[in-house]
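> The structure follows.
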Amino acid sequence: MSLDVELLNANLLAGDLHNIRQGKVYFAHPYSSWERSQNERHNGILRQYIPKGTGIDGYSDEDILNIADEINRRPRRVLGYQTLAELFRTFLDEVYAIENVS
Numbered sequence: 237m238s239l240d241v242e243l244l245n246a247n248l249l250a251g252d253l254h255n256i257r258q259g260k261v262y263f264a265h266p267y268s269s270w271e272r273s274q275n276e277r278h279n280g281i282l283r284q285y286i287p288k289g290t291g292i293d294g295y296s297d298e299d300i301l302n303i304a305d306e307i308n309r310r311p312r313r314v315l316g317y318q319t320l321a322e323l324f325r326t327f328l329d330e331v332y333a334i335e336n337v338s
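The number in our numbering is simply the position in the sequence shown, starting from 1, with 236 added.
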C-alpha cells in the first residue's frame with residue numbers, strides 16, 4: 237500500500253491507521269505538482285469558488301466559511317462517497333464515546 241501525505245488525515249479519520257502502519261508513505265517533492273494528485277484535485281475544487289489569480293481579500297469570513305462548508309459536504313470517492321463532514325462527525329462521536337467510557 238502507498239499513501240499520499242494529503243490522504244493521511246482522511247485515512248486517520250476513516251480509522252485506517254492499521255493500514256497506514258502496514259504500508260509506505262511517500263512525500264512529494266517541492267514544485268512537483270504531479271506527485272500530489274489530491275492536492276491538485278482540491279485546488280481545482282477550490283477554484284470553482286475562487287478563480288485562480290484571485291486573492292481572498294475580496295471575500296468575507298462568512299463567504300470563506302460557506303465555501304468550506306460546501307466543499308466539506310461533497311461526497312468523496314476516496315472516502316467511500318462519504319463527505320468530510322460525515323466522517324468528522326463519526327470521528328467526534330467515537331472520541332466522545334471513548335471519553336465517556338473512561
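Cβ atoms here follow ideal geometry from the backbone N, Cα and C, with glycine treated the same way.
Could you give the distance in angstroms between the alpha-carbon of R313 and the alpha-carbon of V337?
When rounded, the distance between both Cα atoms is 33 Å.
> What separation, rounded to the nearest whole angstrom, lies between the Cα atoms of E276 and R283?
10 Å
> Whose C-alpha, out of E298, N279, D329, W270, is nearest the C-alpha of G289?
N279
> With DSSP as the reference, please indicate the residues paired to Q318 in a beta bridge.
R312
> For the alpha helix (DSSP H) that R277 lies in, which residues bound it at each end?
273-283
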